[in-house]
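In what follows, a single structure is set out as structure tokens and then discussed.
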Amino acid sequence: MKLAQSLALVLLICFLLAGSLSISTLSLGLPGSRAASGTTLGSCFPQGNIVLNVSTTWQNLSCTHAGEITLAGNSVFTMIDSSLQENGSAIRLYNDTQASLVGSIITNAEIFLNDAANFSATYSSLNLTAFVSQDYPVLSIDHSDVDVASGRLNATVSAYSLDFVDSSITYSDATQLSIAASNVTISSSSIEGETSSFEAMTIEGMQELGIANSTVSAESSSPNARASLSLSGGVVDISNSVIEGSGSGYYGYPPVSSSNVTIDSSNDLNVSDSKILSGQVSSTVGVYQNSEIQLRSLGDILLAGSTVQSMAVHGSSLSVLAAYSVILNDSTLYCPSANVTIATYSLTSYDSSIAGSLNVGGGEIANADLFNTTVSAVSGKSYYVYGRFLAHVVSSPSIEANVTVIDPTTGLTTASVLTNSTGWAEAMLLLYQGANSTSSQFSCPYYIVEVTQGSYRSSQILVPTNNTFTATFSVDPGLSSDPPTPNEVILPITYGFLRPSSFMEFISNSYPLDLYNNASYSTVDFSTVGSSGYSFYFQVLYPANLSATTPSVLVDGATISSSIGRYNSSCNYINFTIPSGDHYVVISYVAPGGYYIYQVAPYFYPSALTIAIVAAFSIVASAFLIHFIRRQRRFEHVALLEDPICNQ
1 MKLAQSLALV LLICFLLAGS LSISTLSLGL PGSRAASGTT LGSCFPQGNI
51 VLNVSTTWQN LSCTHAGEIT LAGNSVFTMI DSSLQENGSA IRLYNDTQAS
101 LVGSIITNAE IFLNDAANFS ATYSSLNLTA FVSQDYPVLS IDHSDVDVAS
151 GRLNATVSAY SLDFVDSSIT YSDATQLSIA ASNVTISSSS IEGETSSFEA
201 MTIEGMQELG IANSTVSAES SSPNARASLS LSGGVVDISN SVIEGSGSGY
251 YGYPPVSSSN VTIDSSNDLN VSDSKILSGQ VSSTVGVYQN SEIQLRSLGD
301 ILLAGSTVQS MAVHGSSLSV LAAYSVILND STLYCPSANV TIATYSLTSY
351 DSSIAGSLNV GGGEIANADL FNTTVSAVSG KSYYVYGRFL AHVVSSPSIE
401 ANVTVIDPTT GLTTASVLTN STGWAEAMLL LYQGANSTSS QFSCPYYIVE
451 VTQGSYRSSQ ILVPTNNTFT ATFSVDPGLS SDPPTPNEVI LPITYGFLRP
501 SSFMEFISNS YPLDLYNNAS YSTVDFSTVG SSGYSFYFQV LYPANLSATT
551 PSVLVDGATI SSSIGRYNSS CNYINFTIPS GDHYVVISYV APGGYYIYQV
601 APYFYPSALT IAIVAAFSIV ASAFLIHFIR RQRRFEHVAL LEDPICNQ
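With our numbering, the residue at position 627 of the sequence shown is 627, and numbering never jumps.
Here it is, written out as structure tokens:
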């Protein structure tokens with residue numbers, strides 16, 4: 001009895017070990033697949049064409065099959081941690097049938113989806129010879145790889161909804177690839193069309209196309225490459241993605257080669273933190289002759305933190321067309337040596353760069369505002385170019401200060417902004433304005449700026465403008481009793497030929513504008529601008545021999561009192577004070593006669609000493625010249641006498 005019990009126990013242990021070995025052998029161990037449950041479900045299909053009318057589940061099953069598999073009725077085919085290797089035949093889903101892959105593999109098969117079929121793959125791998133869907137089934141690819149190597153000229157994937165999540169979809173050897181659905185979502189995925197003869201790849205989400213953290217590319221390595229990528233939809237949202245119509249593996253494409261990227265939206269087009277590239281995208285791979293990018297929307301277009309680049313050897317173009325508005329924010333439109341065309345009702349650009357000649361036109365744009373935007377050239381119906389002005393008040397930055405920016409031409413306040421707790425203030429100022437023709441263009445190469453802080457006020461500063469410009473101010477005296485540093489402006493004055501230039505120096509808390517001598521050489525004119533409520537002071541230093549009489553100061557046509565005296569042995573001074581604001585100031589004098597006389601046309605008035613020196617140099621030079629000529633002739637005569645031929 002004991003011997004029989006022992007044998008039974010040994011047999012039981014062997015059976016359990018064999019079962020464990022069998023289960024572990026069937027487990028597929030797919031990357032990312034679920035752990036094997038330890039149970040094998042289902043059986044492989046019999047060879048030949050089969051029709052599934054009932055739901056079938058495979059788990060931990062590995063099968064090889066020859067023949068078509070058709071799902072009919074309401075059947076559901078489920079693969080869990082399983083594999084199916086076909087012989088190139090098709091798997092067809094009709095009507096309300098479903099196929100669900102979890103941690104599974106299908107190889108060397110064609111998959112066709114029709115009607116309201118439902119196909120999903122999660123943590124799976126599909127290596128197919130065709131993948132075609134039509135009549136709007138539901139298609140979901142999640143954490144899976146789909147590789148379609150097809151000899152078909154046209155590959156069409158249409159569905160009610162398409163979801164690609166953390167997946168890779170690659171089509172090769174297809175001349176035309178079309179992916180379409182009512183809603184298309186591409187998230188953390190890559191979709192690539194790669195072939196030597198690839199011509200067009202289209203992705204359409206009729207209601208919505210969303211692409212996030214993904215790469216979509218159409219590539220061709222053909223010598224006659226024509227890589228065309230088209231995205232379209234109702235609302236089109238592209239974020240943190242790369243959209244690329246380019247080439248790979250070829251260097252120096254012939255003139256017929258072209259790369260085209262088109263994105264169309266029947267609603268709004270939003271692109272953020274992304275790249276849209278066409279043509280030459282690498283310095284070492286592929287040189288397209290022609291490249292074109294078109295972004296079109298029946299609503300608005302927003303480009304934020306993005307780059308749109310069209311670059312080719314021969315011809316490039318980049319156009320942005322919107323029915324309502326185009327907004328560029330921290331973005332780059334790159335199309336060197338070509339036009340960048342933006343046609344819309346309203347264009348607004350912030351902190352962006354446009355490499356290429358910007359044409360804001362097409363006869364449709366109403367207004368273009370370019371804030372801190374770099375652009376090679378601008379033409380169009382109406383446009384305004386603004387720069388970012390940064391003011392820094394270094395004295396008591398925690399105390400709020402008011403920064404006033406004044407247009408030097410009109411005297412009007414362009415901006416009035418307050419500093420923050422660190423002493424900084426920011427304003428957008430008009431740099432350039434154009435409309436229709438050059439005759440109506442306006443530019444402002446500089447602004448006048450002044451700062452008030454409590455009871456203190458800075459001297460005015462002239463600030464030259466560009467895309468971003470900065471000025472620093474010290475407003476209060478702080479620990480020092482010295483007032484803010486005044487402006488010092490020098491007007492050169494030349495008395496006559498061969499005489500040193502002199503000067504007239506202006507020291508003021510205002511900035512004298514349009515400073516010049518008039519044509520009669522009897523006045524010095526300038527203007528002032530600024531806010532009211534305080535005073536402009538001026539100290540003017542001028543040569544003592546500037547005027548035969550005491551100069552006078554006129555402000556807005558009226559003479560004002562001034563303090564005039566000797567500054568040093570060669571200079572006099574004029575001190576005067578006027579109310580702050582917009583004024584026209586004239587300093588009148590009478591030019592002295594004789595040597596220092598001023599004339600409209602140039603006259604030569606060298607001194608007697610200068611004339612004597614020049615005459616002396618002329619006499620000495622003439623003497624040296626006569627001596628040289630006579631000496632040269634004597635040498636020539638001696639040489640002639642000593643010549644043996646001449647002496648024969």
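Beta carbons: idealized from backbone N, C-alpha and C, even for Gly. Small disclaimer: the values here were computed from a predicted structure and weren't measured.
- By the 16-neighbour rule on beta-carbons within 10 angstroms, residue 343 is buried.
- About 12 Å separates the CB atoms of residue 49 and residue 72; that is not less than 8 Å, and the two are not in contact.
- Residue 209 places its beta carbon 9 Å or farther from that of residue 245.
- Residue 411 and residue 531 have their C-alpha atoms spaced approximately 9 Å apart.
- Here residue 204 is buried: its Cβ has 16 or more other Cβ atoms, across all protein chains shown, within 10 Å.
- Across the structure, residue 67 and residue 90 are spaced so that their CA atoms are roughly 7 Å apart.
- Comparing alpha-carbon positions, the option among 126, 180, 102 lying closest to residue 138 turns out to be 180.
- Cβ contact annotation for residue 349 (same chain, cutoff 6 Å, sequence separation greater than five): 328, 370, 373, in chain order.
- For residue 313, the secondary structure class from DSSP, reduced to helix, strand or coil, is coil.
- DSSP, reduced to helix, strand and coil, places residue 531 outside both helices and strands of the structure shown, so it counts as coil.
- For residue 322, the pairing in a beta bridge is given by DSSP as 297.
- Pairwise C-beta distances place the segment 299-319 in contact with the segment 255-275, as three or more of them are shorter than 8 Å.
- If you keep only unbroken beta strand (DSSP E) runs of at least 3 residues inside the segment 90-125, you get 90-93, 98-102, 105-113, 118-122.
- The continuous stretches of beta strand (DSSP E) do not include residue 562, and DSSP gives it neither H nor E.
- Excluding five sequence positions before and after residue 556, the CB atoms of its chain that fall closer than 6 Å to its own CB belong to 583, 584, given in chain order.
- Here residue 81 is buried. Its C-beta has 16 or more other C-beta atoms within 10 Å.
- If you ignore the 5 residues before and after residue 100, its C-beta comes within less than 6 Å of the C-beta of 78, 120, all in its own chain and listed in chain order.
- Cβ atoms of residue 382 and residue 367 come within 8 Å of each other, at about 5 Å.
- Annotation for residue 63: the continuous beta strand (DSSP E) segment containing it runs 62-64.
- Residue 333 places its beta carbon 9 Å or farther from that of residue 386.
- Looking at the DSSP output, residue 571 bridges to 543.
- Shown here, residue 140 sits in a strand according to DSSP, grouped into three states.
- Listed in chain order, the non-local C-beta contacts of residue 115 below 7 Å within the same chain comprise 94, 95, 135, 137, local neighbours out to five positions each way being set aside.
- Residue state for residue 619 is assigned as helix, using DSSP reduced to three classes.
- DSSP places residue 453 inside the beta strand (DSSP E), whose first and last residues are 446-453.
- At least 9 Å separates the beta-carbon of residue 211 from that of residue 169.
- The three-state reading of DSSP puts residue 626 in helix, counting H, G and I together.
- Inter-residue distance for residue 356 and residue 405 is about 31 Å (C-alpha atoms, whole angstroms).
- Non-local beta-carbon contacts of residue 515 in its own chain, meaning distances under 6 Å to residues more than five positions away in sequence, involve 491, 526 in chain order.
- If the five residues before and after residue 58 are omitted, its C-beta is found closer than 6 Å to the C-beta atoms of 42, 79, 82, all from its own chain and listed in chain order.
- For residue 339, the uninterrupted beta strand (DSSP E) run begins and ends at 332-343, by DSSP.
- Contact check for residue 345 against residue 323 passes: the beta carbons are separated by less than 9 Å.
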